[in-house]
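Using the numbering used here, read the sequence shown as starting at 1 and increasing by one per residue. What follows is one structure encoded as structure tokens, with my remarks underneath.
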Amino acid sequence: MKRLELHDLSIAYEDEGEGIAVVLIHGYPLNRQIWRYQWEGLANSARIIAPDLRNHGETAVYRQNKLSEIIHNMELLADDIAQLLDALSISKPVIVNGLSMGGYAALAFYRKYPDRVRRLILTATRARSDSEAEKDNRIKAIKVAQDQGVGAIADSMLPRLLSPNTILHKPDLVGSIREIMLSSSLEGVVGDLRGMMVRLDSTPLLSRIRIPVLIVVGKDDQIIPIDEALAMNDLITDSRLEIIEDAGHLLNMEQPETYNRIVREFILSLE
Ligand code: MLT
């Protein structure tokens, strides 16, 4: 793990390998550890940078707001990534890969900093914003997290995060994903939920994307159904969709070899 001091963050991140930088943005309520098979498996093909987002993992926020005011807007997360790249003196365009909420942040990053993105990878994510029913569920989840703790969120989400195959055959992986979720802070969970709830609809952005995009999804994803990936693939001019069997929402951990092969091919196809 490496650490840098940014404007209002002490940010923890992995930085492995050489070549084009690939920034991996984790989802909710997770941290950079979900990418360990990628920094282990892809660092021979690129420079893999995987930060802990604000209030997650080992990243700490200076001058933290009161809990009632913490909100992780997707643009704020995008700014944190831009600051990290500045601090690492990476001015050339990078590949940005976001998983789920990380994908929402990746799209916000592209909207805000299009010249800093060479290619996009959208993993287990969607472009649209929350429906009214989804916003209500976020409000309920904030209350559950505050009243019962982060463990209650982890317990309700875990069975839906993974494919039946993973739950049946990979108990160690299920256990380590549970640990990652349980290590989340209340600030992280609540900040993410509020940020996701008000995020912009990125659908209008899709047809304006002028770079190649890889969309990867697990066939058994119960959190974001694969229809959302099909819809994004239809709207982006230069995109490719890959659907991984026996994988759910955390496909990069559930089927790391297949996921890494697909991502490596995409990285190496840079002209
Ligand atoms: C995630 O996995 O990052 C979130 O569950 C996505 C969401 O709740 O919209």
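Glycine is no exception: its CB is placed at the ideal position from the N, C-alpha and C atoms.
Please state whether DSSP places residue i in a helix, a strand or coil.
i	result
Leu88	coil
Asp227	helix
Val263	helix
Asp246	coil
Pro51	strand
Lys2	strand
Asp238	coil
Asp130	coil
Leu161	helix
Val61	strand
Going by the C-beta, is residue i closer than 7 Å to any heavy atom of ligand 1?
i	result
His56	no
Ser156	no
Gly27	yes
Ile215	no
His249	yes
Measuring straight from C-alpha to C-alpha, what distance separates residue i and residue j?
i	j	result
Arg261	Lys66	43 Å
Arg199	Leu251	24 Å
Arg118	Ser184	31 Å
Leu78	Glu134	The residue you asked about is not Leu; residue 78 is Ala in the sequence shown. So the two alpha carbons sit approximately 23 Å from each other.
Asp192	Asp130	13 Å
Arg163	Leu42	Sequence inspection shows Ser at residue 163; the Arg mentioned does not correspond to that position. In a straight line, the C-alpha of Ser163 is about 24 Å away from that of Leu42.
Glu132	Met197	9 Å
Val22	Gly195	24 Å
Gly102	Ile180	16 Å
Pro114	Gly17	24 Å
With a Cβ-Cβ cutoff of 8 Å, do residue i and residue j count as a contact?
i	j	result
Tyr37	Pro256	yes
Val96	Ala82	no
Ile153	Pro51	no
Asp220	Gly248	yes
Ile90	Ile267	no
Ile25	Leu85	no
Sorted by chain position, which residues of the same chain lie with C-beta nearer than 7 Å to residue i's C-beta, five sequence neighbours on each side aside?
i	result
Asn165	Asp246
Gly188	Pro29, Asn55, His56
Glu75	Ala108, Lys112
Arg63	Asp8
Please list, in chain order, all residues of the same chain as residue i whose beta carbon is under 6 Å from its beta carbon, the five residues on each side excluded.
i	result
Ile121	Asn97, Leu214
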